[in-house]
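*Asks:* As numbered in my numbering, the sequence shown has no gaps in its residue numbers, which increase by one up to the final residue, 322.
Beta carbons: idealized from backbone N, C-alpha and C, even for Gly.
The structure under discussion is supplied below as structure tokens; questions concerning it will follow.
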Amino acid sequence: MKKYTYTDKKDTRSGFGAGLLEAGRKNDQVVALCADLVGSLKMQDFINEFPERFVQTGIAEANMIGIAAGMTIGGKIPFTGTFANFSTGRVYDQIRQSVAYSNKNVKICASHAGLTLGEDGATHQILEDIGLMKMLPGMTVINPCDYNQTKAATMAIAEYEGPVYLRFGRPVVPIFTDADQKFEIGKAWMVNEGADVSIFATGHLVWEAILAGEKLAEEGIDAEIINIHTIKPLDAEAILKSVAKTGCVVTAEEHNRLGGLGDSVAQVLAVHNPTPQEYVAVNDSFGESGTPAQLMTKYGLDAEHIVAAAKKAIERKNKKA
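Structure below.
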């Protein structure tokens with residue numbers, strides 16, 4: 002098992018703020034809009050440097066999406082910012098009609114996704130957003146794993162033509178990817194090569210998958226871990242190459258098991274190579290109030306649950322053989 006260490010922890014939303022500032026410096030067509038959550042979205046540095054390129058829409062998310070769509074007609078590259086729940090569920094009609102249907106170059110940037118929003122509870126902890134957004138034709142869906150990758154992803158989507166949903170979070174998590182990385186949309190990142198089980202993880206669950214891989218290695222199980230930061234377009238080639246080697250799969254995500262990464266991987270496998278698969282995800286329920294760590298454990302999203310899922314997948318593979 003390849004050893005990953007870290008010297009610092011930061012929230013991925015801060016990676017978005019840093020990436021937005023750099024994207025703004027590189028391209029004067031980049032603009033930002035926010036629905037009264039500048040502090041939470043870490044947009045203040047962009048505003049300080051480019052006040053004329055920022056629109057505060059207030060608590061009017063549907064209007065924000067409409068304004069952003071209109072701005073693209075004049076060549077602007079708008080980045081909208083609010084909580085993931087308000088970025089998707091609250092404004093789905095506006096995104097579908099004004100952004101996706103007409104293929105507008107809007108970057109929908111969503112913080113506080115998943116259970117790790119924590120104490121704010123179920124009404125704010127959206128676990129359906131990946132499914133909602135990946136179903137929209139032409140929508141790219143990205144869910145990076147740490148501060149550095151979120152910063153790189155934010156800069157990359159500024160150069161990409163077309164609508165994007167960028168998902169990130171509130172809690173501080175280990176920084177373990179390279180600061181100078183090149184983010185390739187649609188290209189999975191090999192975290193650790195292995196032979197016994199493939200673990201496809203996204204977002205905050207990538208670090209948990211690394212911890213799980215270390216525990217499995219102690220028991221003589223060689224896990225291949227792949228970071229699926231882009232859920233759409235999905236890197237089917239990387240998935241099939243890995244599964245051809247390992248013969249069984251675990252998908253790990255901070256999302257409902259219905260409609261998320263697990264479903265996308267299962268579709269690829271069903272068509273090309275039916276394979277035993279176990280899901281580490283929220284099992285068709287809403288969340289609740291609690292600390293991020295408490296919720297990740299209660300809803301089965303930590304390293305221990307990934308270890309258990311990997312063992313079950315291997316057991317199913319062996320029975321099939």
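Check whether the stretch 216-224 and the stretch 267-280 are in contact - that is, three or more C-beta pairs closer than 8 angstroms.
*Replies:* The stretch 216-224, when compared against the stretch 267-280, does not touch it at the 8 angstroms Cβ threshold.
*Asks:* Taking DSSP as the reference, what is the three-state secondary structure of E160?
*Replies:* Three-state result, E160: coil.
*Asks:* Is V198 closer than 9 angstroms to K3 when the C-beta atoms are compared?
*Replies:* No, Cβ-Cβ distance for K3 and V198 is not below 9 angstroms.
*Asks:* I'd like the span of the alpha helix (DSSP H) that includes S243, first residue to last.
*Replies:* From DSSP, the alpha helix (DSSP H) with S243 extends over 237-247.
*Asks:* T58 and I74 - do their beta-carbons sit closer together than 9 angstroms?
*Replies:* Not in contact: I74 and T58 (Cβ atoms no closer than 9 angstroms).
*Asks:* Considering only the alpha carbon of each residue, which of T13, T6, H306 lies closest to A114?
*Replies:* Checked all of T13, T6, H306; the closest Cα to A114 is T13.
*Asks:* Shortest alpha-carbon distance to K312 belongs to which of K216, G261, G170?
*Replies:* If we check each option's Cα against that of K312, K216 comes out closest.
*Asks:* Exposed or buried, P52, counting other C-beta atoms within 10 Å across all chains shown (16 or more means buried)?
*Replies:* Flag for P52 reads exposed.
*Asks:* Taking L21 as the reference, give the member of L302, T155, Y148, E279 with the closest Cα.
*Replies:* Of L302, T155, Y148, E279, the residue nearest in Cα terms is T155.
*Asks:* Of the choices M134, I226, T151, whose alpha-carbon is the least far from that of R91?
*Replies:* Nearest of M134, I226, T151 to R91, Cα basis: M134.
*Asks:* Measure the beta-carbon distance from A70 to S88 and round it to whole angstroms, keeping in mind my assumption that it falls under 8 angstroms.
*Replies:* So it is not a contact: roughly 14 angstroms between Cβ atoms.
*Asks:* Between the stretch 177-197 and the stretch 230-238, can you find at least three pairs of beta-carbon atoms closer than 8 angstroms?
*Replies:* These segments touch.
*Asks:* Looking only at its chain, what residues have a beta carbon closer than 6 angstroms to the beta carbon of K77, apart from the 5 residues adjacent to it on each side?
*Replies:* If we look at K77 and ignore the five residues flanking it on each side, its Cβ neighbours are Q30, V32.
*Asks:* Note down the Cα distance separating G170 from A63, rounded to an integer number of angstroms.
*Replies:* Spanning the two alpha carbons is a distance of roughly 21 angstroms.
*Asks:* Span of the alpha helix (DSSP H) holding S15?
*Replies:* 13-27 is the span of the alpha helix (DSSP H), which, as asked, contains S15.
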